[in-house]
Amino acid sequence: MTSKFKQKYDMSDWCTSNELLQGNAEHSRDTSHSTRQEARRLINDTDNFTVWTQHESNCKLADRIDDINEWKTFLEKNLVDINKEIDALQFYKENTELSLETAKNFHNKTIECLMVRENREGIDCVRDKVEEELHKDVEVIGSIKNHLQQKLNACFEQLILLQETRNELSNDLSDKHHALGIDSKCQQFNNGNCNQLTTQLISTSIPKEMVTFEKWRSFSEKNKNRAEAAIKASQNVRNQIYATLEKTKNDFEYKKKLTDYAFRKRINETEQVQDELKWQRQKVAHTRLECRSLRRNVELCQDNPYRQLSQEVGELRLTVETLLEKHQKAEVAMQKLLKDLARIEKDSEIKSKSLQLDNQCLKIRENAYKSLNTITQNNMSIGHGENKSNICERQVHFLDQSLSSMSSETAHNVKKTVNHDKTIMHSTYDCDYNRFAPKRTNDLQRMINIKESLYA
């Protein structure tokens with residue numbers, strides 16, 4: 001059986017190996033000691049840095065919470081003021097609408113009064129002081145309606161602006177309440193409540209929707225300034241509406257009193273005239289009755305004069321009623337006569353125009369067959385009355401030839417007319433042309449009147 005021999009080391013190798021192990025152990029101990037010291041220092045530095053950084057974060061969170069609370073207080077105050085202003089402006093808006101409705105109603109009533117007064121008849125249909133005041137009422141009320149409508153539109157626009165501002169404030173306050181809750185919760189976190197801390201790693205990159213602190217402050221300040229400006233503008237609108245409503249009230253009262261005074265004055269005048277017309281014929285009897293009513297004691301008896309005066313008053317009343325009835329009938333007859341007269345005058349004007357046109361045509365025909373000298377001489381002779389007898393004689397000769405075919409009564413009337421026409425022509429053509437030109441202008445009307453009197 002064979003056996004292997006183990007390797008044998010020298011004593012020097014053994015010593016060297018022990019020294020090497022001892023050196024490595026000492027080096028490892030030194031390295032471990034340095035590492036422990038550095039770790040202890042790092043722990044202390046890290047602990048100090050963490051505590052200080054956390055303290056700074058807490059301070060900044062506290063400052064942020066204070067800023068949010070400060071702006072939240074401002075915005076809440078503005079929101080309360082805006083709500084009060086909206087309620088006040090809504091109240092003024094309702095009053096303005098009521099005043100506008102009253103103005104429209106008053107305008108319609110004024111127009112109705114004017115239409116009612118158009119039913120007056122005869123001489124009473126006059127443009128008196130009452131009608132002037134009613135027309136002024138229409139103008140004044142129209143102006144008041146326009147002013148009220150303008151103020152109502154301004155009030156409506158201001159209400160919309162206030163409501164938009166309130167919505168902006170409400171949204172901003174809601175965001176600030178939410179941010180305040182988050183920051184307050186973050187301020188409560190510390191190293192002692194580790195179970196509430198998250199272990200997720202959050203990216204420190206800035207999101208796109210995140211704004212700077214200056215923009216945040218500018219946005220809050222803008223909302224605050226906008227709310228204050230809206231409140232101030234609303235107060236100005238309310239002051240203007242108040243002034244307009246007071247002026248409208250004063251104008252209404254002034255015009256109402258003025259128009260009512262004109263109505264009462266006119267009614268009093270009309271009643272006085274009516275009473276005067278009604279009792280004019282009864283003054284004597286009524287005066288006697290009034291004087292005899294002053295008798296005293298037993299002398300105030302129903303004697304014969306009292307009964308006679310009472311009977312006289314009754315008869316006078318009936319007489320007045322009868323006269324009024326006859327007066328109405330006379331008015332109807334007069335209106336009919338006036339209509340007939342108007343038709344006659346219109347027909348007379350038509351016939352005058354026809355006669356003028358026929359004379360003009362006759363002159364045109366004469367001018368076509370006579371020379372200028374002959375026409376001038378004839379006009380001069382007619383103007384001085386030299387041919388008057390020839391004209392009249394030719395007319396009489398022409399009528400004598402025509403009378404043979406007429407009845408005796410008609411012929412007699414025609415002769416009377418011709419004789420009067422001759423008289424008119426003599427009176428006209430005997431006059432000087434220039435001095436008595438107005439006399440000739442009325443010849444036609446006089447001829448018509450004479451003929452009407454003859455045939456009447």
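Counting in UniProt numbering, the sequence shown runs from 1 upward without gaps.
We put the beta carbon where it would ideally sit given N, CA and C, even for glycine.
Of the candidates R120, K109, L173 and N78, the residue whose Cα lies closest to the Cα of K256 is K109. Between L162 and A229, the beta carbon gap of about 11 angstroms keeps them out of contact (Cβ cut-off 8 angstroms). A direct Cα-Cα distance of roughly 24 angstroms separates R40 from N24. Per DSSP, the unbroken alpha helix (DSSP H) holding C113 starts and ends at M11 to R117. Non-local beta-carbon contacts of S220 in its own chain, meaning distances under 6 angstroms to residues more than five positions away in sequence, involve W71 in chain order. Rounded to whole angstroms, I141 and F91 show a C-alpha spacing of 23 angstroms.
For L180, same chain residues with a beta-carbon under 6 angstroms away, outside a window of 5 residues either side, are I68 in chain order.
If you compare the alpha carbons of K145, N58, L89 and I65 with that of E101, the shortest gap goes to K145.
Pairwise C-beta distances place the segment 151-160 out of contact with the segment 124-136, as fewer than three of them are shorter than 8 angstroms. Comparing alpha-carbon positions, the option among I82, T96, F189 and E246 lying closest to Q54 turns out to be F189. With contact defined as three or more Cβ pairs closer than 8 angstroms, the segment 74-90 and the segment 234-244 are in contact. The criterion of a C-beta distance shorter than 8 angstroms is satisfied by L173 and E76. A residue is called buried when at least 16 other Cβ atoms come within 10 angstroms of its Cβ; D66 does not meet this threshold and is exposed.
Relative to the Cα of A262, the nearest Cα in the group K136, N18, A62 and K247 belongs to K136. Contact annotation: N95 and L245 have beta-carbon atoms nearer than 8 angstroms. Scanning K326, A227, I111 and A103 for the CA closest to the CA of I160 turns up A227. The beta carbon of R238 is closer than 7 angstroms to those of A88, L89 and Y92 in its chain, skipping five residues each way along the sequence. Under the DSSP assignment, G181 falls in the alpha helix (DSSP H) whose first and last residues are K129 to Q188. In the three-state reduction of the DSSP assignment, M334 falls in the helix class. Taking all protein chains in view, the Cβ of N18 is surrounded by fewer than 16 other Cβ atoms within 10 Å, so the residue is classified as exposed.
In the structure shown, the three-state DSSP call for K208 is coil.
Between E133 and T259, the beta carbon gap of about 4 angstroms places them in contact (Cβ cut-off 8 angstroms). In this structure, DSSP gives E325 a helical state, which the three-state scheme calls helix. Around the beta carbon of I82, 16 or more other beta carbons sit within 10 angstroms, so the residue counts as buried. Note on N250: under 16 other CB atoms within 10 angstroms of its CB, so exposed under the neighbour-count rule.
The beta carbon of V138 is closer than 6 angstroms to those of T110 in its chain, skipping five residues each way along the sequence. In the three-state reduction of the DSSP assignment, V313 falls in the helix class.
Here the alpha carbon of H107 sits roughly 14 angstroms from the alpha carbon of E131. With fewer than 16 other beta carbons inside 10 angstroms of its own, N105 counts as exposed. Burial state of I241 is buried, judged by a 10 Å Cβ sphere holding 16 or more other Cβ atoms.
Burial check for N48: the Cβ neighbour count within 10 Å stays below 16, so the residue is exposed.
C-alpha of L318 to C-alpha of Q311: approximately 11 angstroms in a straight line. Taking the Cβ atoms as the reference, R64 lies roughly 14 angstroms from D175, outside the contact range of under 8 angstroms.
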